[in-house]
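Chains A and B are the protein sequences, given in the same order. Take the first sequence: its position 234, counted from the start at 1, is 243 in my numbering, and no numbers get skipped. Take the second sequence: its position 127, counted from the start at 1, is 136 in my numbering, and no numbers get skipped. Yeah, the Cβ is synthetic: ideal placement off N, Cα and C, and Gly gets one too.
There are 2 protein chains.
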Amino acid sequence: MPPHGSTSTATRIKSVETSLTIIEELKRQNGATVTELAAAIDVSKGTVHKHLTTLREHDYVVNNDGTYQIGLTFLDIGGYALCQFDGIKQVESKVRELADRTGETVQFSTEQHGRSVVLAREAGHKGVFSRARLGKRFHMHQISGGKAILAHLPKERVQEIIDRHGLPAATDATITSETELFEELECIRDRGYSFNKGESTDGLHAIGVPLMGPEGDVLGAFAVAGPSHRMHSERFKDEIPDVMRSVVNEIELNLTYS
Amino acid sequence: MPPHGSTSTATRIKSVETSLTIIEELKRQNGATVTELAAAIDVSKGTVHKHLTTLREHDYVVNNDGTYQIGLTFLDIGGYALCQFDGIKQVESKVRELADRTGETVQFSTEQHGRSVVLAREAGHKGVFSRARLGKRFHMHQISGGKAILAHLPKERVQEIIDRHGLPAATDATITSETELFEELECIRDRGYSFNKGESTDGLHAIGVPLMGPEGDVLGAFAVAGPSHRMHSERFKDEIPDVMRSVVNEIELNLTYS
DNA sequence: TTCTTTGTTTCGTAATAAGAAACACCTGTT
DNA sequence: AACAGGTGTTTCTTATTACGAAACAAAGAA
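And the structure:
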């Protein structure tokens, strides 16, 4: 007899969710104390403490002078997940090559659960700022790489992703209309690469080129990003895309025979 | 009244530990099904299923065609933890520089919970194999970087680490005696850098140089590793150490004024 | 088709996670 | 030095809930 008339059996485990919430909050706050966490997520200090003790036991969190922080076990497991990605070594070296040849910031991302995840990243010598970071997630429709990937996913998959995550705006230029997005994707498919003109960050332009697997499936996308004052006309429309396509061609050939 | 006469109150949360065990097992097995996991960690299928559902909800695991895999959320959080490390950008660029100048594999690692964790890694053009990987953990006494760090930790801290993790052997050359280790550390402190002569992997030699913070605390260590047939005599004993020390000097200066 | 194996759900109960409050510990203040 | 105010930690009790067993569903294979 469940006292609170909810559906009797839950399909998720509450205490695990609490732990995950704590981790999320710890990341959001850049570290926190027991009391801060207890207040933030509305559970008792004692409970928070027990969760932290459990997580600390396995190095998922660490305690530096009283404040708890995210531990490097996440990097361990995340690094493992990264290595699982087929051809990641080659991708990393191509990202480097592109950064060297263009001088701009280059990243490679793939799709997981409808979000774009950064798997490799390299800042060129012109060293532009960038919000990207290993493992960082973005909405796919907001960035060049994400759009390049979407353009090569089955339409129903794209629809699923839209349904799940929506089309939130990051700037005034973000595509927020479903039909507009589908038109854009069509366009990208024809052209072979995608543009991002301040759709994720004001003043930031980028070019995205998809990486296709041997079976015609899209594995991810490379993106070269830089400030709009450097990324325009010929260089933006042709030169950099050409470099990118030749680099991606190489890696696609390598992946086929390995 | 606890039926099993154990100490009544636990300080850890069992269901969270189960989830963590599942994640660990998932990593160990390179993905697994519900039934496989249930068998491996000895809990019921139903329980495993509920854990996986909870973890999947937050993208900690993903389900590819029936088998569950580690998800990229770990990379997200791990990447965050990595960025928290002070001066990581400079460290990464110096690792690159060292890889370019020596042609060997270079890594930077720090200490957490008595283990050495790889924070940056770069293979030089001579491209030697290496078990290292972003986030990978090693026993500190088995590797050059780890020993370089230990040499600059307070003695009681080193003792703590030994007590917690022991001195397991990886090869015949691994240091397994406490007194021998302390002598070696003394030696490293005098010399300023450390050697690894096949102590972690047969045929692999490496040099470790500590990175010291402004307050005389050790932040981590760089290591240059290569096959023993390339890493010997002058090059091993002087040339590479000199390059490393000059690079580390630079970064130490930069860190002081930033 | 039927049989086998897997993933998922249901359900009752025994285990246990969570809160409240006491305790311990530190730090700064008066 | 004593104290006050804030931590983190532990204790204890109860209501919650996580667990296993078994039923159910779904998907291949024979």
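Asked: Residues near residue 160 (chain B) by beta carbon distance below 6 Å, same chain, minus five either side; Found: 194, 197, 198
Asked: Which listed residue (A:246, A:188, A:169, A:187) has its alpha carbon closest to that of residue 201 (chain A); Found: A:246
Asked: Identity of the residues DSSP links to residue 219 (chain B) by a beta bridge; Found: B:230
Asked: Under 9 Å from the C-beta of residue 121 (chain B): neighbouring residues of chain A; Found: 68, 71, 80, 81, 82
Asked: Listed by chain order, chain B residues near residue 143 (chain A) by CB distance under 7 Å; Found: 84, 88, 91
Asked: Proximal chain A residues relative to residue 20 (chain B), where beta-carbon distance stays under 7 Å; Found: 59, 62
Asked: Contained beta strand (DSSP E) runs [length at least 3] in the segment 51–88 of chain B, N- to C-terminal order; Found: 70–73, 76–79
Asked: Whole-number beta carbon distance between residue 146 (chain A) and residue 125 (chain A), since they are thought to touch under 8 Å; Found: 7 Å
Asked: Min CB distance residue 192 (chain B) to chain A below 8 Å; Found: no
Asked: Cβ of residue 32 (chain A) within 8 Å of any chain B Cβ; Found: yes
Asked: Nearest neighbour of residue 115 (chain A), chosen from A:174, A:257, A:177 [CA to CA]; Found: A:257
Asked: Any non-hydrogen atom of the ligand PLP within 7 Å of residue 213 (chain A) CB; Found: The model on display carries no ligand, and the ligand PLP is accordingly not part of it.
Asked: Residue interval of the alpha helix (DSSP H) (run including residue 134 (chain B)); Found: That residue, residue 134 (chain B), is in no alpha helix (DSSP H); it is neither H nor E in DSSP.
Asked: Partners in chain B for residue 36 (chain A), counting only beta-carbon separations shorter than 7 Å; Found: 86, 89
Asked: Exposed unless 16 or more other CB atoms sit within 10 angstroms - verdict on residue 259 (chain A); Found: exposed
Asked: Nearest-angstrom Cα separation, counted from residue 216 (chain B) out to residue 69 (chain B); Found: 37 Å
Asked: Min CB distance residue 153 (chain A) to chain B below 8 Å; Found: no
Asked: Neighbour list for residue 26 (chain B) in chain A, Cβ cutoff strictly below 9 Å; Found: 63, 66, 67
Asked: Span separating the alpha-carbon of residue 56 (chain B) from that of residue 22 (chain A); Found: 9 Å
Asked: Contacts that residue 140 (chain A) makes with chain B (C-beta to C-beta distance below 7 Å); Found: Per Cβ cutoff of 7 Å: no residues; residue 140 (chain A) is ~11 Å from chain B at best.
Asked: Sufficient close CB pairs (3 or more, under 8 Å) joining the segment 64–82 of chain B to the segment 75–90 of chain A; Found: yes
Asked: Beta-carbon neighbours of residue 146 (chain A), restricted to chain B and to distances below 9 Å; Found: 68, 81, 82, 85
Asked: Per-residue DSSP class, three states only, for residue 120 (chain B); Found: strand
Asked: Residue 204 (chain A) (DSSP reduced to helix, strand or coil); Found: strand
Asked: N- and C-terminal bounds of the beta strand (DSSP E) containing residue 148 (chain A); Found: 146–148
Asked: Rounded distance between the beta-carbons of residue 156 (chain B) and residue 148 (chain B), thought under 8 Å; Found: In fact, because the Cβ distance is near 10 Å, the residues do not count as touching under 8 Å.
Asked: Terminal residues of the alpha helix (DSSP H) in which residue 269 (chain A) lies; Found: Lying before the first or after the last residue shown, residue 269 (chain A) is absent from chain A, which here runs from 10 to 267.
Asked: Through-space distance from residue 232 (chain A) to residue 238 (chain A), alpha-carbon basis; Found: 17 Å
Asked: Residue 194 (chain B), DSSP secondary structure in three states; Found: helix
Asked: Test: residue 107 (chain B) CB closer than 8 Å to a CB of chain A; Found: no
Asked: Own chain residues within Cβ distance below 8 Å of residue 27 (chain B), not counting five before or after; Found: 50, 52, 56, 60
Asked: Contacts around residue 95 (chain B), its chain only, beta-carbon distance under 6 Å, and the 5 residues preceding and following it disregarded; Found: none
Asked: Integer Cβ distance of residue 47 (chain A) from residue 54 (chain A), believed to fall under 8 Å; Found: 5 Å
Asked: Min CB distance residue 29 (chain A) to chain B below 8 Å; Found: yes
Asked: Strand pairing of residue 129 (chain A), partner residues [DSSP]; Found: A:117
Asked: Nearest-angstrom beta carbon gap, residue 229 (chain A) and residue 214 (chain A) [assumed within contact, 8 Å]; Found: So it is not a contact: roughly 20 Å between Cβ atoms.
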